[in-house]
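Here is the structure we will look at.
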Amino acid sequence: MPLERIPVVAAAQWAVSGNARPLLHEIAAQLRRLLDAGEAASIDLSALPLNPADRDWLRERLGSGEVSITLDAEGESTLAETAFPGVWWVTHRNQRGDVLCELIEIAFVPYLVGAPRDDVATGLERLELALSEPNDEPGGRNP
Amino acid sequence: MKGPLIDSLVQQGVSRRSFLKYCATLASMMALPPAAGPAMAAAIAAAATRRPPVIWLSFQECTGCTESLTRSHSPTIETMIFDMISLDYHHTLQAASGEAAERARLESMQANFGKYLLIVDGSIPTANTAYSTIAGISNYDMLMETAKGAAAVIAVGSCAAFGGIPHANPNPTGAKSVGDLITDKPVMNIPGCPPIPVVIAGVLAHFLTFGSLPELDDKGRPKAFYGETIHDRCYRRPFYDQGKFAKTFDDEGARRGWCLFELGCKGPVTHNACATTKWNGGTSWPVESGHGCLGCSEPDFWDAGGFYKALSMPVRPATAAAAAAGVGAVAGLAVSVANRAKKSAAIRTHQPTTLEDLEK
């Protein structure tokens with residue numbers, strides 16, 4: 008039988024399994040802890056049995072908020088606040104664009120956003136070095 | 263965050279933020295709680311720039327385990343890991359051959375005695391050690407010699423972990439697992455046929471980060487990846503709970519993605535991370551593509567009574583084969599006699615998969 012004669016039927020659409028709903032309770036508990044104790048937390052979505060429909064359901068329930076941050080660090084990462092302030096949907100990609108991991112972070116600001124102290128110190132050194140070099144710009148005055 | 267490794271990375275133009283992101287994805291890959299990311303970053307940053315030496319030995323195997331690791335679809339992470347170890351001997355991957363290759367192994371063993379990591383794939387023949395040799399050295403002798411100076415031994419793949427397919431009834435080569443032979447060293451099993459690439463990489467990362475093996479279960483497997491069954495983490499589990507089963511591979515239930523238990527899925531008794539980690543860069547995994555789990559990360563999965571027989575169906579006890587197996591310890595000529603007895607016993611108890619099994 009030639010291959011063309013084999014009928015191709017598109018697979019059924021994914022159905023919500025119900026595995027995502029308990030996550031909302033966990034997020035609520037973590038938000039409570041963030042408010043009461045100031046403790047941040049994250050949930051690793053790649054370790055949970057969610058099918059694509061569950062993931063879409065969760066995304067829809069969480070919605071989108073005011074802030075969305077793009078990080079360009081050995082591949083793109085997106086940190087998007089959901090409609091619930093303090094709940095962030097974080098996606099880390101590698102340089103080829105493959106998703107490495109997806110997390111839900113519960114924090115006032117995700118910890119990757121803040122500049123590490125040592126990087127700030129290195130940056131300051133660079134800036135000071137640049138300032139100590141002769142100023143060639145028109146109207147510039149040398150130190 | 264200070265230390266030799268992070269300093270050298272910063273000099274190469276890697277920002278600390280990139281490094282923190284890397285550690286966050288590494289924690290996810292190692293199935294650690296996400297909060298472990300920053301702690302790991304501090305530990306790795308402080309690690310020495312000297313890369314820990316690794317010796318990889320391949321015995322009775324098909325090279326599928328090496329293929330799995332090298333064909334991994336998340337190159338960034340695996341590459342970073344291989345940038346962090348020094349693979350001193352791996353006869354499939356190394357450029358050297360012949361005497362130069364064996365010299366590389368011996369030199370690494372001498373220079374790093376007590377510190378190197380020994381990774382083994384494949385089982386070891388013991389009925390007659392000549393069944394499998396490398397450079398004229400039997401697998402058994404090479405394993406014993408190399409294990410002496412190892413800090414820890416990792417058995418990669420079901421053959422090294424449990425004997426695998428060479429160990430399948432009637433086990434003509436007398437194949438044994440690494441754990442059967444090495445009893446005075448920490449041995450960790452990473453079974454699977456082959457194991458999931460990120461699991462191999464994740465466990466290596468754990469050793470590099472913490473300098474020790476992760477927590478193991480009663481079969482020597484890292485709990486982070488083998489702590490739960492395929493069934494418990496399966497997205498089709500809700501259908502099992504509702505009693506919705508596919509009865510054949512092309513019925514309405516199969517099309518709707520119902521549970522494959524009645525088609526022989528071994529998910530309920532198989533411990534592995536396929537259901538969440540998936541395969542081929544997270545594309546899919548056996549159950550998602552419509553076939554039950556074969557149970558490849560469990561001991562003797564090859565002899566578990568048929569891939570298409572439901573777990574609830576009784577398997578005829580292979581009594582004759584079991585009786586013959588008891589004779590297997592006899593040396594020399596008697597072994598071949600015993601093996602012949604085992605073989606004929608296996609033929610008698612052989613249970614072929616029939617069309618009825620498939621069309622149930």
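Top line first, the protein sequences correspond to chains A and B. Mind the numbering: the first sequence is residues 8 to 150 in my numbering, read in order. Mind the numbering: the second sequence is residues 263 to 622 in my numbering, read in order. From the three backbone atoms N, C-alpha and C, an ideal C-beta is built for every residue, glycine too. Just so it is clear, the structure is predicted and the values come from calculations on it, not from any experiment.
For residue i, would you say it is in contact with chain A, using Cβ-to-Cβ distances shorter than 8 angstroms as the test?
i               : result
I339 of chain B : Residue placement at I339 of chain B is flagged as unreliable, the pLDDT there being 48, under the threshold of 50; the coordinate-derived value follows with that caveat. Chain A contact via Cβ: present.
G544 of chain B : yes
R483 of chain B : no
V589 of chain B : Confidence at V589 of chain B is low in this model, with a pLDDT of 42, below 50, so the placement of that residue is unreliable and no value is reported for it.
P500 of chain B : yes
A298 of chain B : no
T623 of chain B : Outside the shown range of chain B, which is 263 to 622, sits residue 623 of chain B, and nothing can be said about it.
A582 of chain B : With a pLDDT of only 40 at A582 of chain B, under 50, the local geometry of the prediction cannot be trusted, and the value read off the model is given with reservation. Judged by the 8 angstroms Cβ criterion, A582 of chain B is not in contact with chain A.
L271 of chain B : no
Y393 of chain B : no
R495 of chain B : yes
M263 of chain B : yes
R278 of chain B : yes
K506 of chain B : no
K283 of chain B : yes
S439 of chain B : no
S574 of chain B : no
S330 of chain B : no
P387 of chain B : no
S400 of chain B : no
Can you have a look at residue i and say buried or exposed, based on whether 16 or more other CB atoms are within 10 angstroms of its CB?
i               : result
I13 of chain A  : exposed
P457 of chain B : buried
L288 of chain B : buried
R367 of chain B : buried
S551 of chain B : exposed
P180 of chain A : A question about residue 180 of chain A goes unanswered here, because the residues of chain A that appear run from 8 up to 150.
S84 of chain A  : buried
F487 of chain B : buried
T510 of chain B : exposed
R499 of chain B : buried
S359 of chain B : exposed
P296 of chain B : buried
Q274 of chain B : exposed
P548 of chain B : buried
F569 of chain B : buried
E560 of chain B : buried
Q20 of chain A  : exposed
P476 of chain B : buried
T581 of chain B : In this prediction, T581 of chain B has a pLDDT of 42, which is less than 50 and means its spatial position is unreliable; what the coordinates show is noted afterwards. Exposed: under 16 other Cβ atoms inside 10 Å.
N142 of chain A : exposed
P145 of chain A : exposed
G299 of chain B : buried
Are any of the Cβ atoms in chain B nearer than 8 angstroms to that of residue i?
i               : result
S53 of chain A  : yes
S49 of chain A  : yes
E132 of chain A : no
A44 of chain A  : no
A80 of chain A  : yes
V15 of chain A  : no
Under 7 angstroms: does the beta carbon of residue i sit that close to some heavy atom of the ligand ATP?
i               : result
T354 of chain B : Ligands displayed in this structure: none; no statement on the ligand ATP is therefore possible.
* Asked: What residues from the region 83-109 of chain A come within 9 angstroms of chain B, judged by C-beta to C-beta, listed N to C?
  -> S84, V97, H99, N101, Q102, R103, D105, V106, L107, C108, E109
* **Touch test, the region 350-365 of chain B against the region 322-332 of chain B, Cβ-Cβ under 8 angstroms, three pairs minimum** => yes
* So does the region 520-536 of chain B actually touch the region 544-555 of chain B, counting three or more Cβ pairs closer than 8 angstroms? -> yes
* To do: Could you please tell me which residues of the region 115-128 of chain A, in chain order, have their CB closer than 8 angstroms to any CB of chain B?
  => Y118, L119, A122, P123, D125, D126
* Asked: Touching or not, the region 112-122 of chain A and the region 131-140 of chain A, by the rule of three or more beta carbon pairs under 8 angstroms?
  -> no
* To do: Report the residues of the region 520-552 of chain B with a CB closer than 8 angstroms to any CB of chain A, ordered along the chain.
  => A537, T538, T539, G543, G544
* Could you tell me whether the region 466-476 of chain B touches the region 428-443 of chain B, where touching means 3 or more Cβ pairs closer than 8 angstroms? => no
* Three CB pairs or more closer than 8 angstroms across the region 478-485 of chain B and the region 495-510 of chain B -> no
* Which parts of the region 438-465 of chain B are runs of the beta strand (DSSP E), unbroken and 3 residues or longer, counting only runs that do not cross its ends? -> 449-452
* Check whether the region 79-97 of chain A touches the region 536-548 of chain B, taking contact to mean three or more Cβ pairs, one atom from each stretch, closer than 8 angstroms. => no
* Quick one: complete alpha helix (DSSP H) runs, 4+ long, within the region 345-419 of chain B? -> 360-373, 401-409
* To do: Check whether the region 308-327 of chain B touches the region 420-431 of chain B, taking contact to mean three or more Cβ pairs, one atom from each stretch, closer than 8 angstroms.
  => yes
* Asked: How about the region 55-74 of chain A and the region 25-33 of chain A: do they share at least three Cβ pairs that are nearer than 8 angstroms?
  -> yes
* Counting pairs of beta carbons, one from the region 442-457 of chain B and one from the region 401-416 of chain B, are three or more of them closer than 8 angstroms? -> yes
* Using a Cβ-Cβ cut-off of less than 9 angstroms, list which residues of the region 54-74 of chain A approach chain B; keep chain order. => A54, L55, P56, L57, N58, D61
* Quick one: which unbroken alpha helix (DSSP H) runs of 4-plus residues sit fully inside the region 465-532 of chain B? Chain order, please. => 485-488, 499-504, 514-517
* Asked: At what residue ranges does the region 99-144 of chain A contain a whole run of the beta strand (DSSP E), taking only runs of 3 or more?
  -> 106-113
* Is it true that the region 372-384 of chain B meets the region 312-319 of chain B, where meeting means three or more beta-carbon pairs spaced less than 8 angstroms apart? -> yes
* Near-chain A residues of the region 365-376 of chain B (beta-carbon distance less than 7 angstroms), N- to C-terminal order -> none
* Are the region 299-309 of chain B and the region 274-285 of chain B touching, with three or more C-beta to C-beta distances below 8 angstroms? -> yes
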